[in-house]
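Presented below is the structure to which this report refers.
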Amino acid sequence: MVFFLSFVIFLIGLYCVITKKNLLKIVMGIVIMEYAVNFFLVLLGYRKAGVAPIVVEGARKANFVDPLPQAMVLTAIVISIATLAFIVAMCIRIYEKYHTFDVTEIRRLKG
Amino acid sequence: MWEIYALAILMIVGSIVAVQTRYLLSAVISLAVVGLALCVAFLYLQAPDCAITQIVVEVIALVILIRATGIEKDLSEIKGRREIFALVSVIIFIVVFAAFAFRALSLLPEFGSPVMKVAKEYIEKGLEQTGSANLVTSVLLDFRAYDTLGEATVLFTSILGAIVVLREIGRKHR
Amino acid sequence: MSPLKQKEKGMTNIVKIVAKFVSPPIVLFGIYMVLHGHLTPGGGFPGGVIVASAFILLILAFGREMASQKLKLSTASTLESIGALIFLSLALIGIAAGGWFFFNFLPKGEPLRILSAGFIPLANIGIGLKVSGGIFAVFVTLIMFRITTGKGGR
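Protein chains in written order, with this note's numbering: chain Y, 286 to 396; chain Z, 4 to 177; chain F, 442 to 595.
Next up, the structure:
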């Protein structure tokens, strides 16, 4: 059931990317989709009554949660900031050329 | 685990507000609320590495987005013709997608008991084979270090692309 | 003229003084998180972003011109490349020493000490330099771009 809630967040981001006309709203939809996917991956690795996968002095072998999805999500979060910077750089260039953020206008004025 | 359900519902409400509101600055602030709820959800799911990275990266993303929305003054939603056909078809597609996903997601292993075939090896042999107490770091930088090299390459390339796109003077005009 | 005296650039005086005092502890905390990546949660990635955010705070408090005088883009770019080269050379030394890519060639040591876990602290330092240089470079690029002709460009 929790998996389906994370998928609903993904669907809200997808709706925003498909139907909105402002370029920056589309970028926010992409960010919402990234949050939803990271949430889903960490949900997959949770173990009931588990602890964080860090070995401390007293407990060498406790009931750890799965460390593999956490490593993947760490990578994904850092990559998402780099691609967000690239997308925003392109949006600023598009604004400089067309002086609008409207997607329908940008499609019409070619070249 | 009612906390995770409550945080997921908060994230849904925050993202609906971010999608539907007219002003872009309010949308960016709702996005911040979604990211903060995600960070607290990571803490409840016993993932402190991901929580630290999420909150720090989200602050930088907010700064970048506020720089982008501050270009045109007093942004509001662009009003055009309401395209009824496009809206209805998108909603039908989303409902069909959600139905198939609900069927597929109910076939996953139950929440709280993952399969963990490979991770059992990493947990048992991680401390003695790598010597690091943080198992996530040992997975990132020793067992799966090739993926970290790939990620460093993606970071480098996309930052290079962003700098090249916004370059003002060419190399000849020096 | 010192940056504090330029009243019309950047934010008010209180913000400038507080940013000047708070930035070095933030850099220190970021370096602590990078170096203790194999003992506590964190590691190279969040530590590098924290170091970058200290410099971002300085630019936000003191205005755009400080980015062209003191905190330059070329320095951040060089740091990023050095970090990437450190990480790559650690991987290549593994081929020479043990036989496969990313072979852990330094001794393991006893656990829960800072000088343990092979080359993982060195790899964390390389990743930390790379991420901090990269995030700061892309932020300066986005800030320094002025939109010509017309409104905007704040």
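All residues carry an ideal CB built from backbone N, CA and C; glycine is no exception. Here the structure is a predicted model, which means the values were calculated and not measured.
Pull up the distance between the alpha-carbon of residue 585(F) and that of residue 167(Z), whole angstroms please.
-> When rounded, the separation of the alpha-carbon atoms in residue 585(F) and residue 167(Z) is 13 Å.
How is residue 229(Y) classed by DSSP in three states: helix, strand or coil?
-> There is no way to answer for residue 229(Y), as the model of chain Y reaches only from 286 to 396.
Beta-carbon contacts of residue 301(Y) that lie in its chain and below 8 Å, excluding the five residues immediately before and after | Hits under 8 Å: 310, 311, 313, 314, 317.
Starting from the N-terminal side, write out each stretch of the alpha helix (DSSP H) that is 4 residues or longer and does not extend beyond the region 23 to 67 of chain Z.
-> Runs of alpha helix (DSSP H) with 4 or more residues, each lying fully within the region 23 to 67 of chain Z, are found at 27 to 47, listed in chain order.
Does the distance from the CB of residue 362(Y) to the CB of residue 321(Y) come in under 7 Å?
-> Not in contact: residue 362(Y) and residue 321(Y) (Cβ atoms no closer than 7 Å).
Thinking C-alpha only, which one of 535(F), 587(F), 485(F) is nearest residue 55(Z)?
-> Answer by Cα proximity: 485(F).
Give the secondary structure of residue 177(Z) by DSSP, where H, G and I count as helix, E and B as strand, and everything else as coil.
-> For residue 177(Z), the pLDDT reaches just 44, beneath the cut-off of 50, and the residue's location in the model is therefore unreliable, leaving the point undetermined.
With a cut-off of 7 Å, does the C-beta of residue 577(F) fall near any C-beta of chain Y?
-> Not a single CB atom of chain Y sits nearer than 7 Å to the CB of residue 577(F).
Can you find a CB in chain F that lies within less than 7 Å of the CB of residue 361(Y)?
-> False, the Cβ-Cβ gap to chain F never drops below 7 Å.
Short check: CB of residue 287(Y) to CB of residue 328(Y), under 7 Å?
-> Between residue 287(Y) and residue 328(Y), the CB-CB gap stays under 7 Å.
Would you kindly check if the distance between the Cβ of residue 129(Z) and the Cβ of residue 138(Z) is under 7 Å?
-> For the 7 Å CB-CB criterion, residue 138(Z) and residue 129(Z) form a contact.
Are any of the Cβ atoms in chain F nearer than 7 Å to that of residue 158(Z)?
-> So yes, residue 158(Z) belongs to the interface.
Do you know how far the Cα of residue 492(F) is from the Cα of residue 472(F)?
-> Approximately 7 Å, taken between the alpha carbons.
So, does the CB of residue 370(Y) fall closer than 7 Å to a CB anywhere in chain F?
-> It does: the Cβ of residue 370(Y) has a partner Cβ on chain F nearer than 7 Å.
Residue burial classification, residue 112(Z) (beta-carbon count within 10 angstroms, cutoff 16) | Burial call: exposed.
Sort out for me which residues DSSP pairs residue 387(Y) with in a bridge.
-> Note: residue 387(Y) is bridge-paired with 307(Y) in the DSSP secondary-structure output.
7 Å Cβ cutoff met for residue 475(F) and residue 545(F) | In this structure, residue 475(F) sits away from residue 545(F), with a CB-CB distance that is not shorter than 7 Å.
Starting from residue 497(F), find everything on chain Z with Cβ-Cβ shorter than 8 Å and list it in chain order.
-> Neighbours of residue 497(F) across chain Z, judged by C-beta separation under 8 Å: 63, 66.
State the Cα-Cα distance for the pair residue 488(F) and residue 571(F), rounded to the nearest angstrom.
-> Cα-Cα distance, rounded: 11 Å.
Can the beta-carbon of residue 561(F) be found less than 7 Å from the beta-carbon of residue 135(Z)?
-> Annotated as proximal: residue 561(F) and residue 135(Z), with beta-carbon spacing under 7 Å.
Measure from the C-beta of residue 582(F) to each C-beta in chain Z and report whether the shortest distance is under 7 Å.
-> Taking Cβ atoms only, chain Z reaches closer than 7 Å to residue 582(F), which makes this a yes.
In this structure, what does DSSP give as the bridge partners for residue 336(Y)?
-> Residue 336(Y) pairs with 349(Y).
According to a CB-to-CB cut-off of less than 9 Å, which residues of the region 124 to 136 of chain Z neighbour chain F?
-> So the list reads 130, 131, 132, 133, 134, 135, 136, given in the order they occur along the chain.
Have a look at residue 578(F) and residue 510(F) and give me their C-alpha separation to the nearest angstrom.
-> So the alpha carbons of these two residues sit roughly 14 Å apart.
First and last residue of the alpha helix (DSSP H) that includes residue 554(F)?
-> First-last for residue 554(F): undefined, no H or E at that position.
Can at least three beta-carbon pairs, one atom from the region 346 to 357 of chain Y and one from the region 114 to 123 of chain Z, be found at a separation below 8 Å?
-> Put simply, the region 346 to 357 of chain Y touches the region 114 to 123 of chain Z. At least three CB pairs are less than 8 Å apart.
With a cut-off of 7 Å, does the C-beta of residue 586(F) fall near any C-beta of chain Z?
-> At a cut-off of 7 Å between beta carbons, residue 586(F) contacts chain Z.
One or two residues paired with residue 137(Z) in a DSSP bridge = Paired residues: 339(Y).
By a C-beta neighbour count over all protein chains shown, 10 Å radius and 16 as the cutoff for buried, is residue 131(Z) buried or exposed?
-> The residue in question, residue 131(Z), is exposed, as its Cβ has fewer than 16 Cβ neighbours within 10 Å.
Sequence-distant residues of its chain with Cβ nearer than 6 Å to residue 291(Y) (five each side left out) | In its chain, beyond the 5 residues on either side, 321, 324, 325 have a beta carbon closer than 6 Å to the beta carbon of residue 291(Y).
Proximity test, Cβ basis, 7 Å: residue 367(Y) and chain Z | True, the Cβ-Cβ gap to chain Z drops below 7 Å.
Looking only at its own chain, which residues have a Cβ that is under 6 Å from the Cβ of residue 176(Z), when we skip the five neighbours before and after it?
-> Since pLDDT at residue 176(Z) reaches only 47, below the 50 mark, its modelled position is unreliable, and the value read off the structure follows with that caveat. Residues of the same chain with a CB within less than 6 Å of the CB of residue 176(Z), apart from the 5 flanking positions on each side, do not exist.
Keeping to the same chain, check which residues put their C-beta closer than 7 Å to that of residue 374(Y); ignore five residues upstream and five downstream.
-> Nothing meets the Cβ criterion.
Buried or exposed (CB count within 10 angstroms, at least 16 for buried), residue 307(Y) = If you draw a 10 Å sphere on the C-beta of residue 307(Y), you find 16 or more other C-beta atoms in it, and that means buried.
Assuming residue 330(Y) and residue 51(Z) form a contact by the criterion Cβ under 8 Å, report the distance between their Cβ atoms to the nearest whole angstrom.
-> Residue 330(Y) to residue 51(Z), Cβ: 13 Å. No contact.
Mind checking if residue 482(F) is an interface residue toward chain Z, Cβ cutoff 7 Å exclusive?
-> Yes, contact with chain Z.
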